[in-house]
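Numbering (UniProt numbering), first residue to last: 1 to 377. Cβ coordinates follow ideal geometry from the N, Cα and C atoms, glycine included. The next block holds one structure in the form of structure tokens; read it before the comments.
Pasting the structure below:
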């Protein structure tokens with residue numbers, strides 16, 4: 001069943017809630033039936049929710065709670081709760097009605113559907129069967145104004161005093177930015193043919209002859225959990241045509257990667273691609289990355305499988321360090337892997353480490369790019 005709420009009304013509700021968010025449908029009469037038990041099974045403990053009713057007068061109204069629904073027979077204390085009208089008799093006319101008595105924002109009753117205020121908006125109790133094209137709810141809206149400030153409106157001008165509804169929806173309000181109608185960047189139509197073209201282009205890639213290097217070294221850098229190692233495993237799996245997990249990945253308090261790795265990518269035919277994906281420790285807020293250590297990586301002095309020791313900084317005298325390296329060993333490109341879902345809350349210390357590293361890269365004329373990821377490693 002499709003969601004009924006229009007984008008313009010979504011935008012209005014987001015403004016009223018007062019923070020970037022999007023809505024995920026939890027419960028819907030026309031899909032799940034009108035049952036208090038089913039409502040609580042799907043909606044209890046889900047955090048902030050919006051309840052929206054669509055009545056037979058083409059009026060749309062409802063309520064918002066920032067607390068989770070419960071079935072414990074108690075009132076909610078919620079200073080962010082409100083009821084609202086989005087549309088009246090088919091005409092768009094959004095109005096928000098804030099709470100005035102915060103101790104009675106809503107009521108959690110296992111035998112009742114969504115219940116706002118102290119008798120303000122009681123949707124239904126028990127189980128209601130559909131009658132022709134609507135659900136004749138057995139609740140009440142006559143108490144509207146007991147708990148919420150109606151600003152001169154009445155239960156009739158908000159709801160038509162009509163609880164014959166064609167549908168009711170409950171949405172979970174999630175703490176994430178709502179989705180844009182347009183993608184943030186243009187991309188080709190994804191298809192089997194397009195994937196083959198991209199793979200063929202990477203297989204055919206060769207560094208410029210004048211560079212005189214066997215393969216391009218691409219260093220993956222990012223905050224812990226951004227998805228560096230998972231990104232490599234995904235690329236490797238595509239070319240091996242089977243699931244691989246060559247790079248250690250997962251979600252941990254500190255960086256999963258503890259050594260410097262240069263990963264070669266082998267195709268299903270057994271030949272290697274002409275670039276290497278290089279992985280090292282992720283940026284952390286508590287442990288700053290040694291910029292001198294990063295300089296050794298950029299300059300190609302760190303060998304594959306070198307195990308870092310946070311207690312002993314790397315120096316030119318460190319055993320195993322390569323000296324007098326040529327261009328074949330140096331870093332040719334840096335890709336910053338950033339978790340798009342947490343980019344807005346990246347710690348300042350991590351951001352500073354990335355900017356400091358960019359200075360080192362600029363000094364060496366190393367190109368950098370950004371890969372947005374939503375999976376964690």
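Practice task
For residue 48, count neighbouring C-beta atoms within 10 Å of its own C-beta (all shown protein chains included) and say buried if the count is 16 or more, exposed if not.
Solution key: buried
Handout entry: Reduced DSSP category for residue 250 - H, G, I as helix; E, B as strand; rest coil
Key = Low per-residue confidence applies at residue 250: pLDDT is 45, beneath 50, and the placement is therefore not dependable, though the value from the model is reported in the following sentence. Residue 250 falls in the coil class under three-state DSSP.
Practice task
Buried or exposed for residue 130, please, with buried defined as at least 16 other CB atoms from any protein chain shown within 10 angstroms of its CB.
Solution key: exposed
Practice task
Flag this pair as yes or no: are the beta carbons of residue 170 and residue 21 separated by less than 7 Å?
Solution key: no
Exercise for the section: Counting only runs of 3+ residues fully inside the region 179-248, write out the beta strand (DSSP E) ranges in chain order. Expected result: 216-221
Problem - Alpha-carbon spacing of residue 160 relative to residue 72, whole angstroms - result: 31 Å
Exercise for the section: Could you pull the start and end residues of the alpha helix (DSSP H) that residue 359 belongs to? Expected result: 348-363
Practice task
Can you tell me the Cβ-Cβ gap for residue 82 and residue 64, rounded? I've got them flagged as a contact below 8 Å.
Solution key: 5 Å
Handout entry: Alpha-carbon spacing of residue 11 relative to residue 230, whole angstroms
Key = 35 Å
Practice task
Evaluate residue 105 with the Cβ neighbour count: other Cβ atoms within 10 Å of its Cβ, from every protein chain shown; 16 or more gives buried, anything less gives exposed.
Solution key: buried
Exercise for the section: Apply the 10 Å Cβ neighbour rule to residue 305 and answer buried if 16 or more other Cβ atoms are within range, or exposed otherwise. Expected result: exposed
Exercise for the section: Report all residues from its chain with a CB closer than 8 Å to the CB of residue 322; omit the five preceding and five following residues, and keep chain order. Expected result: 300, 301, 302, 303, 329
Practice task
Please state whether DSSP places residue 100 in a helix, a strand or coil.
Solution key: coil
Exercise for the section: Check each candidate in 267, 226, 260, 332 and name the one with the smallest Cα separation from residue 243. Expected result: 267
Practice task
Could you name the residues of the same chain whose beta carbon sits closer than 7 Å to that of residue 128, not counting the 5 residues immediately before and after it, in chain order?
Solution key: 34, 135, 136, 137, 138
Practice task
Report back the beta-carbon spacing between residue 79 and residue 67 to the nearest angstrom; my notes put them in contact at under 8 Å.
Solution key: Not confirmed; about 10 Å, so no contact.
Problem - 7 Å Cβ cutoff met for residue 401 and residue 289 - result: Outside the displayed span of the chain (1 to 377) sits residue 401, for which this structure offers no information.
Exercise for the section: Could you check what DSSP says for residue 259 in three-state terms: helix, strand or coil? Expected result: strand
Practice task
Could you name the residues that DSSP lists as bridge partners for residue 56?
Solution key: In the DSSP output, where bridge partners are listed per residue, residue 56 has none listed.
Practice task
Using beta-carbon positions only, say whether residue 280 and residue 260 come within less than 7 Å of one another.
Solution key: yes
Exercise for the section: Count the other C-beta atoms from every protein chain shown that fall within 10 angstroms of the C-beta of residue 271, then say buried if there are 16 or more, exposed otherwise. Expected result: exposed
Handout entry: Nonlocal neighbours in the same chain, by C-beta distance under 8 Å from residue 325, ignoring five residues either side
Key = 299, 300, 301
Problem - Start and end residues, beta strand (DSSP E) containing residue 172 - result: 164-174
Handout entry: 7 Å Cβ shell around residue 141 - same chain, five flanking residues per side excluded
Key = 121, 155, 159, 161, 163
Exercise for the section: Measure the Cβ-Cβ separation of residue 60 and residue 95 and say whether it is below 7 Å. Expected result: no
Handout entry: Residue interval of the beta strand (DSSP E) (run including residue 83)
Key = 82-88
Problem - N- and C-terminal bounds of the beta strand (DSSP E) containing residue 278 - result: 272-279
Exercise for the section: For residue 356, count neighbouring C-beta atoms within 10 Å of its own C-beta (all shown protein chains included) and say buried if the count is 16 or more, exposed if not. Expected result: exposed
Problem - C-alpha gap between residue 444 and residue 220, whole angstroms - result: Past the boundaries of the shown model lies residue 444; the chain is included only from 1 to 377, so the question cannot be answered.
Problem - Unbroken beta strand (DSSP E) run spanning residue 333, endpoints - result: 333-339
Problem - Identified DSSP bridge partners for residue 93 - result: Answer is none; residue 93 lacks a bridge partner.
Handout entry: Test item: CB-CB of residue 151 and residue 118 under 7 Å
Key = no
Exercise for the section: Grab the span of the alpha helix (DSSP H) containing residue 6 for me, first residue to last. Expected result: That residue, residue 6, is in no alpha helix (DSSP H); it is neither H nor E in DSSP.
Exercise for the section: Could you tell me which residues DSSP pairs with residue 137 in its beta bridges? Expected result: Per DSSP, none; premise fails for residue 137.
Exercise for the section: Spatial neighbours of residue 386 within its chain, please: CB distance less than 7 Å, with the 5 preceding and 5 following residues excluded, ordered by chain position. Expected result: Missing from the structure shown is residue 386; the chain here goes from 1 to 377 and no further.
Practice task
Starting from the Cα of residue 44, find the closest Cα among 7, 91, 99, 114 and give me that residue.
Solution key: 114
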